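All letters in the sequence shown, in the order written, are residues 295 to 408 by the numbering used here.
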Amino acid sequence: MSEKTIFRRIIDREIPADIVYEDEHCLAFRDIKPQAPTHVLLIPKKEIPSLNDLTPEDHALVGHLIMVLPKLAAQLGLGDGYRTVINCGPDAGQEVYHLHVHVLGGRRMTWPPG
Ligand code: AMP
């Protein structure tokens, strides 16, 4: 079997993380290298390396993740707005091949992103 990703190890509680939300299908924890005053990663518990690996059976799971985002943002106090980012593949700078949504807030974001 291939090695666990760092995020799988967080799900399995093998390494510590500052977990801010959890339900049956997903987990959210603070990014170890925050790029904004609030920077949280929302991940599915199911191992899906990237957006490109989604299959039709993931339809409900993806919907669930999106539905969790506003709840999570409210819980994090991001009433003035927030940015969500899903990096996919090398050109986007994806480092961890376990699907994750970055939730960034607490400062004014610029556009276009770098
Ligand atoms: P990406 O570049 O989209 O794959 O994002 C991966 C993110 O995971 C980066 O923002 C890292 O700072 C973050 N990260 C890596 N290891 C950990 C960890 N152990 N705990 C929390 N965040 C992590």
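We put the CB at the ideal spot given by N, CA and C, even for glycine.
Just so you know, these numbers come straight off a predicted model, no measurement behind them.
Take residue i and list the residues in its own chain whose beta-carbon comes closer than 8 angstroms to its own, dropping the five residues that flank it on each side.
{"i": "Asn346", "result": "Cys382, Gly383"}
{"i": "Phe301", "result": "Leu335, Ile337, Val390, His392, His394"}
Taking the C-alpha atoms as reference points, what is the distance between residue i and residue j?
{"i": "Ala311", "j": "His319", "result": "17 angstroms"}
{"i": "Lys365", "j": "Gly375", "result": "12 angstroms"}
{"i": "Pro328", "j": "Val397", "result": "10 angstroms"}
{"i": "Val395", "j": "Leu335", "result": "6 angstroms"}
{"i": "His392", "j": "Pro343", "result": "4 angstroms"}
What does the Cβ neighbour count give for residue i, buried or exposed, with the cut at 16 atoms within 10 Å?
{"i": "Pro338", "result": "buried"}
{"i": "Gly371", "result": "exposed"}
{"i": "Thr349", "result": "exposed"}
Under 7 angstroms Cβ to Cβ from residue i, same chain only, skipping five residues before and after it: list those, please.
{"i": "Met432", "result": "Because residue 432 is not part of the residues shown, which for the chain are 295 to 408, the question remains open."}
Please return the same chain residues whose Cβ sits closer than 6 angstroms to the Cβ of residue i, not counting the five positions on each side in sequence.
{"i": "Glu316", "result": "none"}
Mapping DSSP to helix, strand and coil, what is residue i?
{"i": "Arg324", "result": "strand"}
{"i": "Ile304", "result": "helix"}
{"i": "Gly399", "result": "strand"}
Worksheet item: What are the complete alpha helix (DSSP H) segments, minimum 4 residues, inside the region 329 to 395?
Response: Positions of the alpha helix (DSSP H) runs, each at least 4 residues long and wholly inside the region 329 to 395, are given as 353 to 369 in order along the chain.
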